[in-house]
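See below for the structure under consideration.
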Amino acid sequence: MGFSRVKTALTCLFLAVAVVCPATFTPAQAQSFSFSNVSIEGNDRVDAATIIAFAGIARGASLSAGDLNDAYQRVVRSGLFETVELVPQGSTLLIRVQEYPTVNVINIEGNKRIKDETLLPLIKSQSRRVYSPAQAEADARIIADAYENAGRFAATVEPRIIRRNGNRVDLVFEVREGGVVEVERISFLGNRAYSDRRLRQVVNTKQAGFLRQLISRDTFVADRIEFDKQLLRDFYASRGFIDFQIADATGEITRERDAFYVTFTIREGQSFKVGRVSASSEVTGADAAEFQDALRLRPGVTYSPSVIDANIARLETLALRKGLDFVRVDPRITRNDRAGTVDIDFAVVRGPRVFVERIDIEGNTTTLDAVVRRQFKSVEGDPFNPREIRQAAERIRALGFFSKADVNAEQGSGPDQVVVNVNVEEQPTGSLGFGASYGQDAGIGFNINFSEQNFLGRGQSIAVNVTTASSSRAASFSFGEPAFLGRDLRFGFDVFYSETDRDNARYNTRSIGIRPSLSFPIAENTRFGLTYRLEQSEIKGVASGSSAILFAEQDVGSQLTSAVGYALTYDTRKSGLNPNGGVLLRFSQEFAVLGGDLSYVSTSALALAERRILNEEVTLRAIFEGGAINMTKGDSRVTERFFGNGKIRGFEANGYGPRDLASDNEDALGGNFFAVMRFEAEFPLGIPEEYGIKGGVFFDVGSVWGLDNANGGPLGADPVDDGFNLRSSIGVSIFWDTPVGPLRFNLARALQKEDYDKERTFDLTISTQF
């Protein structure tokens, strides 16, 4: 304690003793003071009148020792003075102060992991403002919190001052960063239906394994626990666990403060399936049978809130199409605990007559109001539908433009009016990426890409991508407008250029073109798209000794393709209808009939079904793909034909299908048709989940066949075998989710093949962004 503070304390003690020890002083001296004058010393920036106002002492008033102590406390609490003294001198009260210095500069020292540019905007102390010890301590806590959020719980921050002349100080925050505190173990208590391994895949927090410690540490973030709790609730709710609860979620740090143990205590309850499903109506003009027919929920499926909401939305949409306003659909649920089912009656009832008065949007500094507003199906003056407002909030969050999006409704100017408030916080929506990839076919490749998902705040997307590898070079530009003409209609425009050096074939290809497109939803899980493609392509560099078919296709020269097409896609994998699996169906056709040099009809189809079994530990997947190109003028070229690369594992790129064996190079030619089936299973190997390693097995079968011109090689040589010859393979896979990208190792063996096919037993792929 400095001398001035000691003197101040002794003064207060003297005043107090004067009150409690009347034998020492005269009664007047011991009990009261009266000052006709107040003198101020030591003030520089703060004028005397301000200090007297803080003290609150009136001239000539009778004051007790307690009153003087209160005056002292008021001056101290102003926060402007480092020391304060009140010294009675007869009829004069001397107030002696020492002002806090002014902050000259603010520095942070010792920080390596978190830069000044991140930390300085967080603190409240400012240069050229009065130094406040309390604020400096608070700023030190803010910096320490930033380190805790980065997983460095051992970090310490100490505020220090360096005194300068002119009553100024430099404020320095000395940081000792310490090490990263990782999550060593994630445990679950009370789980019976799902293993710890499966639940660790659900939560965002991850355990730190051996390789993660070396390359990409997983740190403990307290705020992430709340997010993990919601992920667990959503996971169990989508699987019919109506009574699921999280009793506790804790993160305990070890005594050495070098690791965290995260424990979730849960109560699962039982899983329910849907029992009887019905629709009833309490509204005149709403036929219950018609609403019953509109339901897409059948008995026996697992109960899920998302499925219920989807059916409610479907029925409310039907009510609007029938002109029924202020109609609400209430799901009335009857539980049957013994059977493990819930009976659901979708009741069409009258809702309150409430209108949307207006929609207020705040916080969008970049994004235009129209981008947010078009996520609402309701506009000002429409009947208020709480469910539609909640769904609009989900659509706003799904845009990915905002770090926070809160939507709530409050009463408007009248009891029948509602104001919808939207409060958002912008977040970065652009990215610049540098990537590397490796494949045994393509070799080492590099990639540069730039993308912006909210271009000029209009919700539009642009992307530029440049890729180069040992066997290919490509560049593209894409533009997307998700609300073309103000409707749920996506417009896209692509420009592309590519050059390829074909594997197992000694020729090159080059193409350049544009592709505008339109797509829109036609049902809940179904989307329809239209495309147009204008492309200039050519075959060049056919090597000596190659097939006469290739020389003939090279001699044709550059060809122009002008084609329109459509695609129909049905995808339930993300709709929540079945959390344990899903189906993807896609059918597309392209018609090159609008001029150009080529005339054909190309058709392709894909069907994928996947399902998790054995407590969702094992994923089964079946995939069918097929395609056909039918030339209506001329012959197809290798640029249009199918090669099936990657479709059947165990073969090299261009390793199977029609091949000209009569030529010296034995060139792969591709085919006008292909069809493959792939069956896969992924499963854990008993290795801790944090290592990211899984196993798999697969069986592939299919073929590539059909040529318009099968007369290859020199004149008179045997034609190319372009028949339907089945190939098949089996194999095992290792999936490794590493910090440098996902790795996949395939070890395959061909079961059915032709003598001229080129096999590949081992295959490795890796891809990453950095």
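Here the sequence shown stands for residues 720 to 1489, where the numbers follow our numbering.
For glycine and all other residues, C-beta sits at the position ideal for the given N, C-alpha and C.
Residue 799 and residue 1407 have their C-alpha atoms some 59 Å from each other. Cβ-Cβ distances below 6 Å link residue 866 to 874 in the same chain, with the five nearest sequence neighbours on each side left out; the list follows chain order. With a beta-carbon spacing of about 6 Å, residue 1470 and residue 1448 fall inside the 8 Å limit used to define contacts.
Judged by pairs of C-beta atoms under 8 Å, the segment 964-971 does not touch the segment 994-1002, as fewer than three such pairs exist. Within the same chain, and ignoring the five residues on either side of residue 921 in sequence, the residues whose Cβ sits closer than 7 Å to its Cβ are 950, 951, 954. Cβ-Cβ distances below 8 Å link residue 1033 to 1013, 1014, 1015, 1243 in the same chain, with the five nearest sequence neighbours on each side left out; the list follows chain order. In terms of CA proximity to residue 764, 819 leads the group 1418, 996, 819. Counting the other Cβ atoms within 10 Å of the Cβ of residue 1413 gives 16 or more, which makes it buried. About 6 Å separates the beta carbon of residue 1363 from that of residue 1376, a gap short enough to meet the 8 Å contact definition.
The three-state secondary structure of residue 1064, taken from DSSP, is strand.
When secondary structure is reduced to three states using DSSP, residue 1110 falls in the helix class. One thing to note: residue 1368 has its Cβ no nearer than 9 Å to the Cβ of residue 1389. Shown here, residue 1258 sits in a strand according to DSSP, grouped into three states. In terms of Cβ geometry, residue 1080 and residue 1092 form a close pair [threshold 9 Å]. For the pair residue 1118 and residue 1094, the CB atoms are nearer than the 9 Å cut-off. For residue 1395, DSSP records a beta bridge to 1344, 1421.
For residue 1030, the enclosing alpha helix (DSSP H) stretches over residues 1024-1040. For the options 1148, 899, 812, the alpha carbon positioned closest to that of residue 833 is the one of 899.
Around residue 1062, the same chain offers 994, 995, 1053 as residues with beta carbons nearer than 6 Å, after the five sequence neighbours per side are excluded. Here residue 884 has no same chain residue with a Cβ atom under 8 Å from its own Cβ, once five neighbours each way along the sequence are excluded.
Per DSSP, residue 1053 is one residue of the beta strand (DSSP E) stretching across 1046-1055. Of the residues 758, 944, 1300, the one whose Cα lies closest to the Cα of residue 923 is 944. Ranked by Cα distance from residue 1211, the options 1272, 1202, 1455, 1331 are led by 1202.
For residue 950, the three-state secondary structure derived from DSSP is helix.
Ranked by Cα distance from residue 1087, the options 1120, 1070, 1112 are led by 1120. In the structure shown, the three-state DSSP call for residue 769 is helix. Bridge partners of residue 1169 according to DSSP: 1151, 1183.
If you draw a straight line from the Cα of residue 887 to the Cα of residue 767, it is about 21 Å long. Note on geometry: alpha-carbon atoms of residue 1175 and residue 1090 lie some 11 Å from one another.
The C-beta separation of residue 1324 from residue 1306 comes to about 5 Å, placing the pair in contact by the 8 Å criterion.
Burial is judged here by how many other beta carbons sit within 10 angstroms of a residue's own beta carbon; residue 911 has fewer than 16 and is exposed. Of the residues assessed, residue 1256 falls on the buried side of the cut-off, its CB having 16 or more other CB atoms within 10 angstroms. In the three-state reduction of the DSSP assignment, residue 926 falls in the coil class, being assigned neither a helical nor a strand state. Counting the other Cβ atoms within 10 Å of the Cβ of residue 1278 gives 16 or more, which makes it buried. About 5 Å separates the CB atoms of residue 1428 and residue 1354; that is less than 8 Å, so the two are in contact. Around residue 1187, the same chain offers 1164, 1165 as residues with beta carbons nearer than 7 Å, after the five sequence neighbours per side are excluded.
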